[in-house]
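To keep things clear, I will list the structure first and then write my remarks on it.
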Amino acid sequence: MKTKRAFRYVGTPDPMSDKEAYHCEKYIKKNRHSLVRAGQYLVDVTALQALFHLDCWNCRTVHRETCCEGGQPYAIEEWQIPIVEGEIPSISAGLQDEAERNHWLLHGVWDRNEPQGTIRMRHGNCLFYQENNGRYGCAIHAYAEQAGRDVEPLKPFSCQLYPIDLIDIRDGILLTAVTNETSSFSRWGTDYLEQFYCASPARRKLATHIDDKLFALDGYRPAYEWNLPLLRYILQDDAERIEGILANSYQLER
């Protein structure tokens, strides 16, 4: 008897639970008529038009901690491991703390007790969450920008993807975003929707104690627009077609 291949999150070897897969399959069946097929992709136009404002540099100003704190990203896939390892000497050279730099070089960046490609924790955070010129953020991203390198092949896939999600559904790939309807199976869960202003214009509108310039209401735009460089990198030949579908649908709804 042929085994039914499980749904999985694209870009990581970390498994999708049976419960998440169940909710994903249920969602697809319920919304089948509104999903648009484009090559191997099943485009969730409605979710990808959900409004977000990734005012990330100001996240720590309005929240107790950012999404990069208190954990590590999903493990990266096997193909990305040697790429990241090859850049570690250059990335670590940009660290301001010499002791931290030596720690990286001595112990490496991988958690050997977890699945391959899992990044180590350091002081309760992802190892790459580091200070750079007085601000905290991803050391990989900072290195890519300073060195004029493309960030897409270097930074852990899941760290670049939010608020979008890509899910292998056996007969294709669901391209969606985290919303109240998709959170039961999205790799992002419910935390962003419940706790962070970036995912909720309605919640931000109620936060009258915050300066209007922080996560400004006029800065919210469709989820897919925040990830266009990454989407073009991932989707390749299908990118222009899918981007056209999303742009046209958004204009029609306005």
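Under full-length UniProt numbering, the first residue of the sequence shown carries the number 1, and numbering increases by one thereafter.
Glycine included, C-beta positions come from ideal geometry on N, C-alpha and C.
If you compare alpha carbons, which of the options is closest to residue i?
{"i": "glycine 124", "options": "Glu100, Ala93, Ile76, Glu69", "result": "Glu69"}
{"i": "leucine 35", "options": "Arg120, Arg101, Ile173, Thr66", "result": "Ile173"}
{"i": "asparagine 58", "options": "Lys155, Ala177, Pro222, Tyr197", "result": "Tyr197"}
{"i": "glutamate 243", "options": "Asp150, Thr176, Pro15", "result": "Thr176"}
{"i": "aspartate 171", "options": "Leu230, Ser17, Glu25", "result": "Glu25"}
{"i": "glutamate 77", "options": "Lys155, Arg135, Phe52, Ser90", "result": "Lys155"}
{"i": "phenylalanine 52", "options": "Thr179, Ile119, Ile140", "result": "Thr179"}
{"i": "glycine 134", "options": "Arg60, Met121, Arg241, Ala239", "result": "Arg60"}
{"i": "tryptophan 104", "options": "Asp150, Arg241, Ser90, Asp218", "result": "Ser90"}
{"i": "tyrosine 136", "options": "Glu87, Glu98, Lys213, Cys67", "result": "Cys67"}
{"i": "alanine 21", "options": "His63, His107, Ile140, Arg187", "result": "Arg187"}
{"i": "aspartate 150", "options": "His63, Glu87, Ile119", "result": "Glu87"}
{"i": "cysteine 56", "options": "His33, Arg112, Cys138", "result": "Cys138"}
{"i": "histidine 209", "options": "Pro115, His63, Trp79, His23", "result": "His63"}
Considering only the beta carbon of each residue, do residue i and residue j sit closer than 8 Å?
{"i": "tyrosine 224", "j": "isoleucine 164", "result": "yes"}
{"i": "leucine 193", "j": "serine 184", "result": "no"}
{"i": "glycine 11", "j": "phenylalanine 128", "result": "no"}
{"i": "leucine 54", "j": "tryptophan 226", "result": "yes"}
{"i": "glycine 117", "j": "alanine 75", "result": "yes"}
{"i": "cysteine 126", "j": "glycine 189", "result": "no"}
{"i": "leucine 230", "j": "leucine 161", "result": "yes"}
{"i": "leucine 214", "j": "lysine 205", "result": "no"}
Can you find a CB in chain B that lies within less than 8 Å of the CB of residue i?
{"i": "glutamate 225", "result": "Considering every chain present, this structure includes no chain B. It has just one protein chain."}
Measuring straight from C-alpha to C-alpha, what distance separates residue i and residue j?
{"i": "isoleucine 245", "j": "arginine 37", "result": "10 Å"}
{"i": "alanine 93", "j": "isoleucine 83", "result": "17 Å"}
{"i": "arginine 101", "j": "arginine 203", "result": "40 Å"}
{"i": "arginine 8", "j": "leucine 228", "result": "22 Å"}
{"i": "threonine 182", "j": "tryptophan 110", "result": "31 Å"}
{"i": "glycine 148", "j": "isoleucine 28", "result": "40 Å"}
{"i": "residue 256", "j": "asparagine 31", "result": "The structure shown does not extend to residue 256, since the chain is modelled only from 1 to 254, so the question has no answer here."}
{"i": "aspartate 14", "j": "glutamine 236", "result": "24 Å"}
{"i": "alanine 207", "j": "tyrosine 220", "result": "15 Å"}
{"i": "lysine 2", "j": "arginine 232", "result": "Reliability fails at lysine 2, whose pLDDT of 43 lies under 50, so the model's placement of it is uncertain and no value is given."}
{"i": "aspartate 211", "j": "glutamine 195", "result": "18 Å"}
{"i": "glutamate 240", "j": "isoleucine 234", "result": "12 Å"}
{"i": "glutamate 152", "j": "aspartate 238", "result": "17 Å"}
{"i": "glutamate 85", "j": "arginine 122", "result": "17 Å"}
{"i": "serine 17", "j": "threonine 46", "result": "24 Å"}
{"i": "histidine 107", "j": "histidine 33", "result": "51 Å"}
{"i": "arginine 112", "j": "glutamine 80", "result": "16 Å"}
{"i": "lysine 19", "j": "isoleucine 140", "result": "33 Å"}
{"i": "phenylalanine 98", "j": "alanine 6", "result": "Phenylalanine is not the amino acid found at residue 98; the sequence shown has glutamate there. Roughly 44 Å separates the two Cα atoms."}
Our contact map puts residue i next to residue j with C-beta atoms below 8 Å; I'd like the distance itself, whole angstroms only.
{"i": "residue 268", "j": "glutamine 96", "result": "Any question about residue 268 goes unanswered here, given that the chain covers just 1 to 254."}
{"i": "cysteine 159", "j": "proline 73", "result": "5 Å"}
I want to know whether the stretch 34-50 touches the stretch 130-147 - three or more CB-CB distances under 8 Å. no
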